[in-house]
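Visitor: In the numbering used here, the protein residues as written are 16 to 353. The C-beta atom is built at its ideal place from N, Cα and C for all residues, glycine as well. Sharing a structure below in structure tokens format, with a few things to ask.
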């Protein structure tokens with residue numbers, strides 16, 4: 016009996032090794048499939064989207080602890096604290112303008128997947144695509160283009176070494192690909208660093224001009240882009256997640272305080288004609304892509320620190336000494352239908 020112990024031990028070791036190999040193979044196959052397939056959460060035709068008004072409404076992600084958690088909802092522009100209407104569509108990030116809605120979603124589980132989908136004014140799904148990681152930002156242009164940013168690695172903009180993929184495409188039409196592949200100019204130099212990233216697109220009304228963030232190392236720049244020329248040119252420093260005003264005369268963005276740890280961002284607004292920047296300090300800071308409520312008021316989401324997964328939308332007047340005011344409770348990712 017004692018002579019059989021080495022044999023038994025060898026069999027057990029071999030079995031464990033084979034099990035590990037099978038698990039590794041299955042994990043790799045699952046990873047490959049997740050990166051080739053669209054997110055399963057993209058709904059075909061959510062009827063509630065067709066009910067969203069084209070004017071005078073605010074669209075957002077509902078974060079109340081109810082059955083509608085994570086669903087896209089809307090409220091009248093003149094009654095943001097009133098009754099909300101849900102659409103039934105689940106999104107982690109949402110933006111709607113001109114009747115087109117962009118929805119970024121995460122389907123969590125053993126095989127977590129990430130996806131984006133675009134929907135038309137009647138609720139029909141126009142496009143669906145897989146994302147390389149956690150969804151981050153999305154915007155829709157007045158001419159029907161969709162900009163999407165997702166993380167490839169990393170979990171937040173506070174981290175050093177994160178990587179993003181940002182694309183612009185017209186559902187069913189022109190695809191401009193990854194903006195990282197555009198010619199990115201900082202002064203007279205072309206940015207070719209391997210760690211360069213682009214994120215946070217916002218669109219002008221001309222169908223060609225956009226603004227975005229470019230970064231390398233610890234430096235960020237506000238970029239003005241041309242889709243036709245496939246170029247981006249720096250127009251400012253230390254600027255992230257821009258948002259162009261409804262009249263196209265200003266760009267608002269978050270501006271990081273020097274050497275702040277953890278990161279603290281204030282609101283900044285650039286007058287495009289004058290080239291002047293105005294900073295609006297925030298006591299608590301924020302980390303969101305701003306949305307314009309009107310020509311003198313901004314909106315942004317603020318997660319609740321005491322309740323993970325919940326958030327509120329605040330408004331901020333562009334006035335000296337102004338402070339954020341609660342705009343929509345239990346809400347995230349606002350967009351204004353004007």
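(1) Whole-angstrom Cβ separation of residue 111 and residue 161, contact assumed at under 8 Å?
(2) Would you please state the rounded distance, in angstroms, between the beta carbons of residue 257 and residue 297? I believe it to be under 8 Å.
(3) What does the alpha-carbon distance come out to for the pair residue 263 and residue 305?
(4) What does the alpha-carbon distance come out to for the pair residue 178 and residue 220?
(5) Take the Cβ of residue 310 as the centre, count every other Cβ of all protein chains shown within 10 Å, and call the residue buried at 16 or more, exposed below.
(6) May I have the straight-line CA-CA distance separating residue 287 from residue 135, to the nearest angstrom?
(7) DSSP three-state call for residue 63: helix, strand or coil?
(8) Do the region 139 to 146 and the region 68 to 88 touch if we need at least three Cβ pairs shorter than 8 Å?
(9) For the beta strand (DSSP E) containing residue 86, list its first residue and its last residue.
(10) Mapping DSSP to helix, strand and coil, what is residue 139?
(11) Just the C-alpha distance for residue 123 and residue 290, rounded to the nearest angstrom, thanks.
(12) Using 10 angstroms around the beta-carbon of residue 265, count the other beta-carbons present and answer buried if the total reaches 16, otherwise exposed.
(13) Could you say which of 93, 270, 341, 248 lies nearest to residue 303 if we only look at CA atoms?
(14) Can you tell me whether residue 195 is helix, strand or coil according to DSSP?
(15) Report the option in 167, 103, 321 whose CA atom is closest to the CA atom of residue 86.
(16) Between residue 70 and the ligand MN, is the CB less than 7 Å from at least one heavy atom?
(17) List the endpoints of the continuous beta strand (DSSP E) containing residue 212.
(18) By the three-class DSSP mapping on this structure, what secondary structure does residue 242 have?
(19) Return the Cβ separation of residue 324 and residue 78 in integer angstroms, given the expectation that the two are a contact with Cβ distance under 8 Å.
(20) What does DSSP give as the partner residue(s) for residue 338 in the beta ladder?
(21) Between residue 98 and residue 329, what straight-line distance do the alpha-carbon atoms span, to the nearest angstrom?
(22) What distance in whole Å lies between the Cβ atoms of residue 246 and residue 276, which are believed to be in contact at a cut-off of 8 Å?
(23) Look at residue 240 and residue 227 and say whether their C-beta atoms are less than 8 Å apart.
(24) List the DSSP bridge partners of residue 75.
(25) According to DSSP, is residue 252 part of a helix, a strand, or is it coil?
(26) Using CA atoms only, rank isn't needed, just tell me which of 196, 260, 237 is closest to residue 333.
Guide: Short version:
(1) A Cβ-Cβ distance of about 11 Å is found for the pair residue 111 and residue 161, leaving them out of contact under the 8 Å criterion.
(2) Not a contact, Cβ separation roughly 17 Å.
(3) Their Cα atoms are separated by approximately 15 Å.
(4) Separation of residue 178 and residue 220 (C-alpha to C-alpha, rounded to the nearest whole angstrom) is 29 Å.
(5) Answer is exposed; the Cβ neighbour count stays below 16.
(6) Per the coordinates, the alpha-carbon of residue 287 lies some 32 Å from the alpha-carbon of residue 135.
(7) In this structure, residue 63 counts as helix in the three-state DSSP scheme.
(8) A contact between stretches requires three or more CB pairs, one per stretch, nearer than 8 Å, and the region 139 to 146 fails this requirement with the region 68 to 88.
(9) Going by DSSP, residue 86 is part of the beta strand (DSSP E) stretching over 86 to 91.
(10) In the structure shown, residue 139 adopts coil according to DSSP, grouped into three states.
(11) Roughly 44 Å between the two C-alpha positions.
(12) Result: buried.
(13) For residue 303, the nearest C-alpha among the options comes from 270.
(14) Correct three-state label for residue 195: helix.
(15) Checking every option, the nearest Cα to that of residue 86 belongs to 103.
(16) Ligands are entirely absent from the displayed structure, and the ligand MN is therefore not among its contents.
(17) That run of the beta strand (DSSP E) goes 212 to 218.
(18) Residue 242: coil per DSSP, three-state reduction.
(19) That belief holds up - the Cβ atoms of residue 324 and residue 78 are roughly 7 Å apart, short of 8 Å.
(20) Bridge partners of residue 338: none, in fact.
(21) In a straight line, the C-alpha of residue 98 is about 17 Å away from that of residue 329.
(22) By a beta-carbon distance limit of 8 Å, residue 276 does not contact residue 246. Their separation comes to about 35 Å.
(23) The beta carbons of residue 240 and residue 227 sit closer together than 8 Å.
(24) According to DSSP, residue 75 bridges with 88.
(25) Here residue 252 sits in strand by DSSP.
(26) Of 196, 260, 237, the residue nearest in Cα terms is 260.
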